[in-house]
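Engineer:
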Amino acid sequence: VVVANGLTHAEASILHNAWLGYETDWLANSRGTTPAALDAGWAALDAKGLADAAARTVHDEGVALRQHVEDETDRLTTLPWELLGEAASIAFAERFEPPCELLLRRVDETAGPNYQPASRLR
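Start counting the sequence shown at 126; every next residue gets the next number (my numbering).
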């Protein structure tokens with residue numbers, strides 16, 4: 126979905142970071158994005174009208190695109206859960222929630238509470 130929307134790794138990380146409201150470039154840096162790739166990502170987003178590279182800020186249109194990626198991902202991944210059924214989906218989630226909570230506690234200790242944002246309630 127990210128690639129289908131014409132975004133590179135750095136661009137997606139920049140938009141995701143803004144969507145989460147994190148400190149500028151935190152997410153991309155935490156994922157090992159090089160300074161050159163990050164600068165290129167900002168420049169590309171600026172050229173697309175989604176960000177101001179000089180100010181290192183993402184425009185509302187950039188955040189809206191990130192939300193679109195989220196919504197489209199949800200739409201594309203719903204069918205397997207529907208086919209599994211509500212009861213089996215709930216049982217699956219209940220089985221995996223305790224180990225995930227343990228993992229996130231360890232992540233908090235080692236990388237901080239911003240890491241693994243997809244695993245956290247927003």
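Glycine included, every Cβ here is placed at the ideal spot set by N, Cα and C.
Taking C-beta to C-beta, are Ala143 and Val183 nearer than 7 Å?
Structural biologist: Closer than 7 Å, so yes.
Engineer: So, do the stretch 146-161 and the stretch 184-201 have three or more beta carbon pairs nearer to each other than 8 Å?
Structural biologist: No, because fewer than three Cβ pairs between the stretch 146-161 and the stretch 184-201 fall closer than 8 Å, the two stretches do not touch.
Engineer: Tell me the residue span of the alpha helix (DSSP H) that contains Pro205.
Structural biologist: Note, Pro205: alpha helix (DSSP H), 185-209.
Engineer: In the DSSP assignment, find the unbroken alpha helix (DSSP H) run with Ala172 in it and report its ends.
Structural biologist: Taken as a continuous stretch (DSSP letters only), the alpha helix (DSSP H) holding Ala172 covers 160-172.
Engineer: For Ile215, count neighbouring C-beta atoms within 10 Å of its own C-beta (all shown protein chains included) and say buried if the count is 16 or more, exposed if not.
Structural biologist: So Ile215 counts as exposed.
Engineer: Could you round the C-beta distance between Val128 and Glu197 to whole angstroms and report it? I think they count as a contact, below 8 Å.
Structural biologist: Wrong, their Cβ atoms sit about 12 Å apart, outside the cutoff.
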